[in-house]
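Comments concern the structure below.
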Amino acid sequence: MKVIKTKLNYSNYYILLDLDTIKIGDVISFDIFIQKNDDFVIIIEAGTLISENLYNKLKNQKSLYIHKDKGKDEDKQILSCESLRHYIRHSRDDVEKRIKVLYDVNDQLFDIFLTNKENKINIECLHLIVQSIIYLLKYDASFLKSTIPYFVNDNMLKNHSLQVAIYALVIGNILKFKDDDLLKLGVAALLHDIGFKKIDETIINKKSMLTPQEISLMQKHSQHSVEIIEQNKIHDPYIINAVMHHHERYDGSGYPNQLMGDEISNFASIVGICDVFDALTNNRPHREHYSSFNALKMMMRDKDMVNKFNQNYLHLFLKSFL
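Following our numbering, the numbering of the sequence shown begins with -11 at its first residue and continues without gaps.
As structure tokens, this is what we get:
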């Protein structure tokens, strides 16, 4: 057999970069290349902070290139999971930007999950999001107070999940959980409601009262979440337990197993508190959102809610807002 060797035309895969689209202080979300002989080599990796010195070096290059699929302006602005850690570190003092970075990457994580039939979750990206939140919590003692004004007020699964994860990690950090436990708690919180993907949207979005059968179907979302998590080879018992039981209540009125008091794990109790808190502090079709203080006040004093949650955790959570 005769093998014909062909020379790849690498130039078909790269386009020129307009340096005016970059400014000093940016953290770029794409690789930058120069042409060397017949090949293209990376000189700046995605996630690099552009300092004044580095910018001047780029200006001295005859030509700069990026991958062709990064040529659109909108693509240049999209963060990647891989560069999240760099963006968080370089944006840690910019309160609005750092939460936007988390939302942007979390959007990617959930958009990919919600649109693929195999229910695949990017576990590496999942861990990076949780680790970034932990990093910010430890860096900024007033992280929650300064960040919460920028939280998104809607009922979308991806935003609710991120906000519940942040709240849960705040409580876990106050309780001085070890980093490994914080990671597990954050993963459980971020994935606690993904089973809603398997629930009929007409039931989820129904504005009138649900029938008993529809309520039963809705309550299966925690089991569905566990199924998807295990399908993605996450088998840690603390994560599984927290996701399965985040709707259990201290008075035994929850589901799926009507657990009571100390039968509910610490992780499940924390995620359950944060799940309800985020629901109360976001608008719903039948009501306006409650303030953080009023939501916690309801959870601690309202006759229909006072016996449903770990009051010690609620009081610790309240202190994080003071």
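Note that CB positions come from ideal geometry on N, CA and C, so glycine has one too.
Collapsed DSSP secondary structure at residue i in the structure displayed
i      : result
Lys24  : strand
Tyr43  : helix
Ile111 : helix
Asp61  : At Asp61 the pLDDT is 44, less than 50, meaning the model places this residue with poor confidence and gives no usable figure here.
Ile159 : helix
Leu247 : coil
Leu37  : strand
Ala129 : coil
Tyr325 : Any property of residue 325 remains undetermined from this structure, which presents the chain solely from -11 to 310.
Ile66  : Here Ile66 scores only 46 on pLDDT, less than 50, and its place in the model is too uncertain to base an answer on.
Asn300 : helix
Arg86  : helix
Val140 : coil
Gln49  : coil
Lys195 : coil
Asn229 : helix
Arg80  : coil
Ser213 : helix
Ser253 : coil
Phe165 : coil
Leu72  : helix
Asp188 : coil
Chain C within 7 Å of residue i, Cβ atoms only
i      : result
Lys186 : Absence of chain C from the displayed structure is noted, only one protein chain being present.
Span separating the alpha-carbon of residue i from that of residue j
i      : j      : result
Leu302 : Cys262 : 9 Å
Phe101 : Ile76  : 23 Å
Ile191 : Asn270 : 20 Å
Lys291 : Gly242 : 16 Å
Gln201 : Glu106 : 27 Å
His74  : Val15  : 8 Å
Ser308 : Asn161 : 10 Å
Cys69  : Lys108 : 15 Å
Asp27  : Val118 : 38 Å
Ser279 : Leu72  : 30 Å
Phe18  : His115 : 21 Å
Ile182 : Ile20  : 36 Å
Val231 : Leu163 : 20 Å
Met293 : Met287 : 5 Å
Ala267 : Gly240 : 21 Å
His277 : Ala129 : 26 Å
Lys194 : Val152 : 23 Å
Asn143 : Asp99  : 15 Å
Glu33  : Leu306 : 42 Å
Glu218 : Arg289 : 37 Å
Leu198 : Met206 : 9 Å
Ala177 : Ala156 : 7 Å
Asn104 : Val89  : 23 Å
Nearest neighbour of residue i, chosen from the options [CA to CA]
i      : options                        : result
Ala256 : Val214, His277, Arg289         : Val214
Met248 : Asn298, Glu33, Gln207, Leu205  : Asn298
Asn229 : Tyr278, Val175, His277         : Val175
Lys296 : Leu310, Asn270, Phe309, Phe265 : Phe265
Cys113 : Thr103, Gln211, Ser51, Val93   : Val93
Gln211 : Ile227, Met197, Thr199, Pro200 : Ile227
Lys146 : Leu179, Ile32, Pro244          : Leu179
Ile216 : Tyr278, Gln49, Lys186, Ser17   : Lys186
Ile87  : Ile54, Ile121, Leu97           : Ile121
Asp188 : His274, Lys172, Lys208, Leu173 : Lys208
Gln49  : Ser68, Val15, Leu5             : Leu5
Ile22  : Leu46, Met288, His223          : Leu46
Tyr138 : Lys126, Ala129, Ile154         : Ile154
Ile203 : Asn220, Glu251, Pro244         : Pro244
Leu171 : Tyr123, Asp142, Glu218, Met197 : Tyr123
Val158 : Leu125, Val140, Met197, Ser51  : Leu125
His55  : His78, Leu42, Ile30            : Ile30
Ser196 : Arg272, Met293, Met287, Ile111 : Arg272
Ser149 : Leu52, Asp95, Gly240, Asp224   : Asp95
Tyr1   : Tyr53, Asp142, Leu310, Asp169  : Tyr53
Asp224 : Asp168, Asp250, Leu304         : Asp168
Asp250 : Asn300, Leu42, Leu284, Phe184  : Asn300
Bridge partners - residue i, DSSP secondary structure assignment
i      : result
Ile54  : Ile3
Ile32  : Ile20
Arg275 : Arg272
Val15  : Leu37
Quiz prompt | Contact the segment 79 to 90 vs the segment 124 to 136: 3+ CB pairs below 8 Å | solution = yes
Practice problem: State whether the segment 252 to 271 contacts the segment 231 to 243, with contact taken as three or more CB pairs (one from each stretch) at a distance under 8 Å. | Solution: yes
Quiz item: Does the pairing of the segment 32 to 42 with the segment 5 to 23 give three or more beta-carbon distances under 8 Å?
Solution: yes
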